[in-house]
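2 protein chains.
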Amino acid sequence: MIKLYHVPLSPFCRKVRLVLAEKRLEVDLVEERYWERDPDFLRRNPAGKVPVIRIDGMQIGESSAICEYLEETYPTPALLPQDPKERAEVRRLVGWFDDTFFRQVTVNVLYERVNKKITKSGYPDSRAVKQGLQATRFHLDYMTQLLDQRRWLAGDVMTLADFTAAAHLSCLDYTSDVDWHRSAAVKDWYAKIKSRPAFRGLLADQVAGFIPPAHYADLDF
Amino acid sequence: MIKLYHVPLSPFCRKVRLVLAEKRLEVDLVEERYWERDPDFLRRNPAGKVPVIRIDGMQIGESSAICEYLEETYPTPALLPQDPKERAEVRRLVGWFDDTFFRQVTVNVLYERVNKKITKSGYPDSRAVKQGLQATRFHLDYMTQLLDQRRWLAGDVMTLADFTAAAHLSCLDYTSDVDWHRSAAVKDWYAKIKSRPAFRGLLADQVAGFIPPAHYADLDF
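Quick mapping for you: the protein sequence lines, in order, are chains A and B.
FYI, UniProt numbering numbers position 84 of the first sequence as 84, with every residue one higher than the one before it.
FYI, UniProt numbering numbers position 90 of the second sequence as 90, with every residue one higher than the one before it.
Dropping the structure here:
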């Protein structure tokens, strides 16, 4: 059985969980409190972070390496198009969310509000949170711009770009930090992806000390 | 002609330059002072960062998307192996350098010492620099451990993992922040990769206000 070392509110772990579920690969989830730096975990995984997957007799770290491996080894259903130019656009957007969105939004909002409390590493910096929430608006507007011209974020079919974006937004939504009134296009897109069976596991997540809002698991939010 | 928007001391831009050069693709380099947020650049590239490439009638941002596109479209010489497991190990190491090494070392050393001066955004934080230099030792030791068992970082052939690591180390070497005495294995590996024709462009870089040490461009350092 595939084993995934993860934490529930990590967008990178959620991205991998969505890809596994969409490809109907059963997985044994192991919560790894990576910040406690367990020597056994660090020996197996010197980067000291999650996600890490054990699959097909090997271990892989880095969410991008994991997703590319899953796509190459379990190609159905495909989450990357065949055409190199279309693949480039998907990967550009994966990078957009995993780097730009992550640095501007996730680090400032989720890490300040949730991770600092869980890892007992201080109190939220309200300036950072404010800056992060401000950036959320820029990102929702950018997604709106894309969805005005496309059915899904990278084109006319659902791809890894959509799962990556949804993984990031779903973490913020858990703490009620997405203003779904800002964009009907983004809300519609999220409703479509949230109603997929692959999303169920994420919607059932419960993080001690943080109760999600009622709309979090509601498909008609 | 391919056009690459870049800055000389960015490890992500250097990685792309190395891949282009190794694949013998001629490129027109355009220095983009992305921190000045030129409206024209931002309109074409809302992430506001480099590298961005113009190639085959399209534009791609995010170094990982660019490198995967180049590998798919210009497969010779190959910088990713054929076997999915070996590819996963290459991509894991690309992620290791682009994320773990970058956050622990590059941000603390290069960004504090060089980028803050160039972008006129303050003075180096000496605690961050110290922490970054400390982390450099951990990373050199990790590379040594890999190179004790392999000819190149990800296995027995040279791959994108080597170019990624060399791109990061070469930026630090420009400011004399790599202790080459720490590991003979890493020094030998870097000497091999540095002597490739693909490396010449990087060794000729000159950044105003920062003079590289004599050994920077010396193949017998």
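Beta carbons: idealized from backbone N, C-alpha and C, even for Gly.
Using 7 Å as the limit for Cβ to Cβ distance, is residue i near chain A?
i                      : result
B/Pro213               : no
residue 224 of chain B : Residue 224 of chain B cannot be examined here, being either before or after the span of chain B that is shown, 1 to 221.
B/Ser64                : yes
B/Thr136               : no
B/Glu71                : no
B/Gly95                : yes
Kindly list, in the order they appear in chain A, the residues whose Cβ is closer than 8 Å to that of residue i.
i        : result
B/Tyr5   : Near B/Tyr5 there are no residues of chain A at all, since even the closest Cβ is about 14 Å away, more than 8 Å.
B/Tyr142 : Pro46
Taking only beta-carbon positions, decide if residue i is within less than 7 Å of chain B.
i       : result
A/Arg92 : yes
A/Ala78 : no
A/Ala47 : yes
Name the chain A residues that come within less than 9 Å of residue i, Cβ to Cβ?
i        : result
B/Glu68  : Glu68, Pro84, Arg87, Ala88, Arg91
B/Tyr111 : The premise fails here: B/Tyr111 is roughly 13 Å from chain A at the closest Cβ pair, so nothing lies under 9 Å.
Name the chain A residues whose beta carbon is nearer than 7 Å to that of residue i?
i        : result
B/Ile60  : Ala88, Arg92
B/Thr100 : Ala47
Straight-line CA distance for residue i to residue j?
i        : j        : result
A/Arg91  : B/Ser64  : 7 Å
B/Trp189 : B/Lys3   : 30 Å
B/Gln145 : A/Leu219 : 49 Å
A/Ile53  : A/Lys23  : 15 Å
A/Trp96  : B/Phe12  : 14 Å
B/Tyr69  : B/Gly57  : 13 Å
A/Asp156 : A/Gln149 : 9 Å
B/Lys192 : B/Val178 : 16 Å
B/Val107 : A/Tyr111 : 19 Å
B/Asp28  : B/Met1   : 7 Å
B/Arg103 : A/His215 : 35 Å
A/Asp173 : A/Pro212 : 8 Å
Does the separation of the CB atoms of residue i and residue j fall below 7 Å?
i        : j        : result
A/Glu72  : B/Pro46  : no
B/Ser183 : B/Leu140 : yes
A/Ala128 : A/Val105 : no
B/Val16  : B/Tyr34  : no
A/Tyr5   : A/Glu32  : yes
A/Met158 : A/Trp152 : yes
B/Ala21  : B/Ala198 : yes
B/Leu147 : B/Ser170 : no
B/Val114 : B/Cys67  : no
B/His168 : B/Phe221 : no
Next on the checklist: Under 8 Å: do the region 27-47 of chain A and the region 72-84 of chain B share three or more Cβ pairs, one atom per stretch?
Outcome noted: no
Checklist entry - Does the count of Cβ pairs from the region 199-214 of chain A and the region 105-124 of chain A closer than 8 Å reach three? => result yes
Checklist entry - Can we say the region 161-171 of chain A touches the region 124-135 of chain A, given the rule of at least three CB pairs closer than 8 Å? => result no
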